[in-house]
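Asks:
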Amino acid sequence: MFQPLCYLSVIPALLSRFSTPHVAAADHLHRNRGLSIRSKKKEHGKEPSKHTFSMATLRGMNQADLSKKLFKVIKTESHAIGAYESAGRERLSIATQISDWGESTNDDSISDVSDKLGVIMSEIGEQEDIFAQNLEDYRSILKQIRNTEASVQPSRDNKAKITDEIQKLKYKDPSSPKLVTLEQELVRAEAQNLVAEAQLTNITRQKLKEAYDIHFAATIERAEKQIILARYGRRLLNYLDDAPVVPGDERQPFAHANEARQVLNDCEQELQSWQPHLEPVNSSAGSLGTNLMPTEERENLRSPTSAKDSEFEDAPTLHHPEDTTETVVEPTTEVKSSTEPIRS
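Structure below.
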């Protein structure tokens, strides 16, 4: 919610115009499998989705008009996150199934290769789960914008209500003494709304950049790590001899068990050494004060006092006293990343 700020300082400027001013609106990867997936297959049972329908789903009906669109975005993202979590669980299940199938073929080569393919595929599934967790962080930051929008709505409504009352009274009784009182209330409402709108645009810009910084960084991590896993998965396929045999001939024993094991070791090492190489997202939000308004230093840089302006030194200015209330600005949530090794 926007932080309360003394609005009395902006009333003189509003009184001079008496018009509504325009203000611009990972956790860890669970690398606890060995080089075979079969010993852990019981741990990959399908879990129920945590995104289920409940009475909380009806909260959207009570959202303020200003926050309804972002509420819908956040709700839809919740469904998308559930889909990624489901995809990760299904990928783990498929990895176990392909390993079990390979074992049932009674072909040593297929059994060994399919088991290691299962390890690779299960790691790909884990990346989906980590991605979903990072999306939850991004979604929680969008909620801060939504909450601020909802808190600004009463200020807008109050200003509109007083404006309507003035127009109605002017139509019915232009000489009514109540007009003076209403006009004074309108000036106060405009001052409150002016501060609220400024706080809203400040928090919206800051948190939008912060949220999608996390989103795109998580997307890059997921993509690059899955590329690594897919590349080593393809390398495993080269150890499976698919030369045709004639009836009566026997396949040669699988002679690449050590090489296939080394592929997984190399894959583990590359995943552990992975580092993000991201273009930085610049931010000037560090100058945002606890009241969601620019700090004095920022204002001084933007409007330096010069000798030419000395004649206006005694003119009234918009001053915002320091607010000691708790801020809603939270520290940036970093993208989760896993470096836990695959244990043999």
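Okay, so the sequence shown: first residue is 115 according to my numbering, each after it adds one.
Using N, Cα and C, we set each Cβ at its ideal position, and we do this for glycine too.
Identify the continuous alpha helix (DSSP H) that holds P462 and give its terminal residues.
Replies: Residue numbering for the chain in the displayed model covers 115 to 458; residue 462 lies beyond these limits and cannot be assessed.
Asks: Using beta-carbon positions only, say whether L206 and S225 come within less than 8 Å of one another.
Replies: no
Asks: Give the range of the alpha helix (DSSP H) segment to which T190 is assigned.
Replies: 182 to 218
Asks: Between which two residues does the alpha helix (DSSP H) carrying Q306 extend?
Replies: 292 to 351
Asks: Rounded to whole angstroms, what is the Cα-Cα separation between A240 and R336?
Replies: In the sequence as displayed, the identity of residue 240 is Glu instead of Ala. Spanning the two alpha carbons is a distance of roughly 10 Å.
Asks: How big is the Cα-Cα spacing for A344 and E250?
Replies: 26 Å
Asks: Determine the direct distance from the alpha carbon of E373 to that of E384, and round the result to whole angstroms.
Replies: About 16 Å.
Asks: Shortest alpha-carbon distance to L314 belongs to which of D271, R348, N379, R260?
Replies: R260
Asks: Less than 8 Å between the C-beta atoms of R365 and S223, yes or no?
Replies: yes
Asks: Where do the N-terminal and C-terminal ends of the alpha helix (DSSP H) with N379 fall, by residue?
Replies: Counting along the chain, the unbroken alpha helix (DSSP H) around N379 starts and ends at 371 to 386.
Asks: Could you tell me whether the Cβ of E384 comes closer than 8 Å to any Cβ of chain B?
Replies: The structure shown has no chain B; it contains just one protein chain.
Asks: Between the region 262 to 281 and the region 291 to 303, do three or more beta carbon pairs fall short of 8 Å?
Replies: Short answer: they touch.
Asks: Whose CA, out of A371, E393, Q306, L350, lies closest to the CA of A328?
Replies: First, the amino acid is wrong: residue 328 is Ile here, not Ala. I328 has its Cα closest to that of E393, out of A371, E393, Q306, L350.
Asks: Taking a contact to mean a Cβ-Cβ separation below 8 Å, would you say S228 touches S213 in this structure?
Replies: yes
Asks: With 16 as the cutoff for other CB atoms within 10 Å, does G362 come out buried or exposed?
Replies: exposed
Asks: In terms of alpha-carbon separation, which member of L308, D380, Q267 lies closest to L98?
Replies: What the structure shows of the chain is the stretch from 115 to 458, and residue 98 is not part of that stretch, so it cannot be assessed.
Asks: Taking its Cβ as the centre, do 16 or more other Cβ atoms sit within 10 Å of E204, making it buried, or is it exposed?
Replies: exposed
Asks: So, at 8 Å on beta carbons, what are the nonlocal neighbours of I188 in its own chain, with the 5 sequence-adjacent residues on each side left out?
Replies: R253, L256, K257, R260
Asks: Just tell me which of R270, L350, P390 has its CA closest to the CA of L378.
Replies: L350
Asks: I need the DSSP call for D179, collapsed to helix, strand or coil.
Replies: helix
Asks: Quick one: what's got a C-beta closer than 6 Å to G232's C-beta in the same chain, skipping five residues either side?
Replies: I151, A209, I212, S213
Asks: What is the rounded straight-line gap between the Cα of K282 and the Cα of P291?
Replies: 14 Å
Asks: Pick out whichever of Y198, E199, P390 has its Cα sitting closest to the Cα of K339.
Replies: P390
Asks: Can you round the beta-carbon distance between F245 and A178 to whole angstroms, since I take them to be within the 8 Å contact cut?
Replies: Between A178 and F245 the Cβ distance is about 31 Å, and since that is not below 8 Å, they are no contact.
Asks: Do you know whose CA, among I341, T219, W215, Q320, lies nearest C381's CA?
Replies: I341
Asks: From A371 to A325, what does the alpha carbon distance come to, in whole angstroms?
Replies: Whole-angstrom Cα-Cα distance: 45 Å.
Asks: Under three-state DSSP, which class holds Q366?
Replies: coil
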